[in-house]
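Those letters in the sequence shown? Residues 0 to 321, by numbering that gives the first Met the number 0. All residues carry an ideal CB built from backbone N, CA and C; glycine is no exception.
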Amino acid sequence: MTQSGEMKSADVRRPSVAVPKFVELPVVQLTPSRADPEAEFRHLLDWLAKGVAAMEQIRDEQIREQVFALLDGVDIVHRQGLSRLLELCSASVGAETLQHITKDPVVHTLLDMYDLTGLPEVSEHEQVERALESVYPYIESHGGKLELLEVQDGRVRVRLSGSCGSCPGSSVTLQRVVEEALREGFPPFSELVAEDPAPPPRTLIQLGPTVLRRPRWVDVGFFQEFPSGEMRALWPEGQGVLLVRLDGEVYAHQNGCPPGSALALHLGELDGFTLVCPWHGCRYDIRTGKRLDAEGKLGVLPVAVKEGMVKVAMGLEEVAVP
0 MTQSGEMKSA
10 DVRRPSVAVP
20 KFVELPVVQL
30 TPSRADPEAE
40 FRHLLDWLAK
50 GVAAMEQIRD
60 EQIREQVFAL
70 LDGVDIVHRQ
80 GLSRLLELCS
90 ASVGAETLQH
100 ITKDPVVHTL
110 LDMYDLTGLP
120 EVSEHEQVER
130 ALESVYPYIE
140 SHGGKLELLE
150 VQDGRVRVRL
160 SGSCGSCPGS
170 SVTLQRVVEE
180 ALREGFPPFS
190 ELVAEDPAPP
200 PRTLIQLGPT
210 VLRRPRWVDV
220 GFFQEFPSGE
230 MRALWPEGQG
240 VLLVRLDGEV
250 YAHQNGCPPG
260 SALALHLGEL
270 DGFTLVCPWH
280 GCRYDIRTGK
290 RLDAEGKLGV
300 LPVAVKEGMV
310 KVAMGLEEVA
320 VP
């Protein structure tokens with residue numbers, strides 16, 4: 000301490016707290032003229048998610064609770080400010096200009112992180128496509144093909160073809176899978192109309208191998224490595240995945256609330272089959288990804304267990320069949 004009573008930095012004793020080491024903040028410079036989010040921006044979101052996960056590892060419970068209380072406070076300030084900003088913009092510049100602003104990929108991502116209203120409306124056709132995202136690879140894995148033909152007043156018209164009639168993925172079974180996905184992911188759904196497959200042409204000249212699409216499975220760990228009732232954050236191919244094992248089943252979702260955000264869900268609580276988001280208090284059915292307290296759904300990823308290895312489908316791949 001100096002004669003003036005000021006304390007030197009060496010005199011300040013900090014509490015002995017085990018804080019996980021973390022990399023320094025990445026520099027982000029966005030170019031407004033580009034239509035897609037910059038890679039640096041996506042990298043920053045991933046960096047934030049990993050940083051929050053690192054804070055969860057602080058051993059001192061009191062310090063850890065203070066850290067997350069601070070994050071909650073920042074979340075409230077941002078949410079209230081953005082909500083008010085949307086109201087003022089809507090009143091001053093009009094809905095059309097506001098819609099143009101929220102279409103910006105970076106702005107859209109920020110608003111989407113806080114689950115705010117005022118974003119561009121999504122057509123019924125696009126809502127159905129999103130609801131069926133997890134169904135397409137499942138049906139294709141059974142040798143089937145699903146085509147979305149029309150959506151009108153909650154009535155969804157599809158064409159289901161090529162399914163195997165001698166296995167559990169028969170046409171009737173696959174229709175039930177489609178209906179369940181629509182009920183969960185498309186609230187206006189009222190009726191599913193499945194049309195017969197188009198008749199094959201009278202003559203077919205095979206010019207080359209047939210190309211089929213199938214799920215691209217990625218190994219994420221052995222089944223026994225995932226304790227029952229524990230949420231685990233994984234990063235296969237650099238994508239955030241939330242994996243949960245419950246009652247002998249394994250479920251996988253995009254690790255973010257809402258999907259695509261840096262607000263990781265594995266930091267939340269699991270009450271039976273209900274996942275409680277640590278950021279917004281949203282409640283999801285961990286089995287289907289459906290939100291229980293409002294409209295919405297997590298991004299569901301197909302999961303398979305083969306010879307004790309847990310596999311998650313990370314998109315589709317094309318396979319040539321002679």
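Distance CB(residue i)-CB(residue j) smaller than 9 Å
i: E236; j: V249; result: no
i: L69; j: L109; result: no
i: R213; j: V318; result: yes
i: E194; j: L145; result: no
i: A130; j: G50; result: no
i: L85; j: L97; result: yes
i: M230; j: L274; result: yes
i: F222; j: G153; result: no
i: G220; j: L233; result: yes
In DSSP terms, what residue i is bridged to
i: T273; result: D270, D284
i: L145; result: L159
i: D218; result: K310
i: Y137; result: Looking at the DSSP assignment, Y137 forms no beta bridge with any residue, so it has no partner.
i: V127; result: DSSP, once it has assigned bridges, lists no residue as partnering V127.
i: Y250; result: V243
i: L97; result: Its beta-bridge partners do not exist; DSSP assigns none.
i: V73; result: DSSP, once it has assigned bridges, lists no residue as partnering V73.
i: L191; result: V155
i: R78; result: Paired residue(s): none; R78 is not in a bridge.
i: E317; result: R212
i: R231; result: L242
i: R290; result: Y283
Nearest-angstrom Cβ-Cβ length linking residue i and residue j, presumed shorter than 8 Å
i: G298; j: A263; result: Going by Cβ atoms, the distance from G298 to A263 rounds to 14 Å, so no, they are not a contact pair.
i: P313; j: R158; result: One point to set straight first is that residue 313 is Met, not Pro, in the sequence displayed. Contact flag wrong, Cβ pair sits at about 27 Å.
i: G143; j: S160; result: 7 Å
Straight-line Cα distance separating residue j from residue i
i: R156; j: P301; result: 24 Å
i: M112; j: S260; result: 5 Å
i: E139; j: V150; result: 22 Å
i: A251; j: L242; result: 4 Å
i: S189; j: V177; result: 13 Å
i: D270; j: L173; result: 30 Å
i: L266; j: V309; result: 22 Å
i: P186; j: E294; result: 8 Å
i: R83; j: I100; result: 15 Å
i: D74; j: E224; result: 34 Å
i: K296; j: G255; result: 11 Å
i: Y135; j: V192; result: 17 Å
i: G228; j: R244; result: 6 Å
i: Q253; j: G288; result: 10 Å
i: A303; j: L43; result: 31 Å
i: Q126; j: L181; result: 9 Å
i: G280; j: W46; result: 23 Å
i: V311; j: I285; result: 16 Å
i: P277; j: E316; result: 35 Å
i: E132; j: L87; result: 35 Å
i: I57; j: H124; result: 45 Å
i: Q65; j: A52; result: 15 Å
i: Q61; j: D71; result: 15 Å
Below-9 Å beta-carbon distance, residue i vs any chain B residue
i: R290; result: You won't find chain B in this structure, because it holds only one protein chain.
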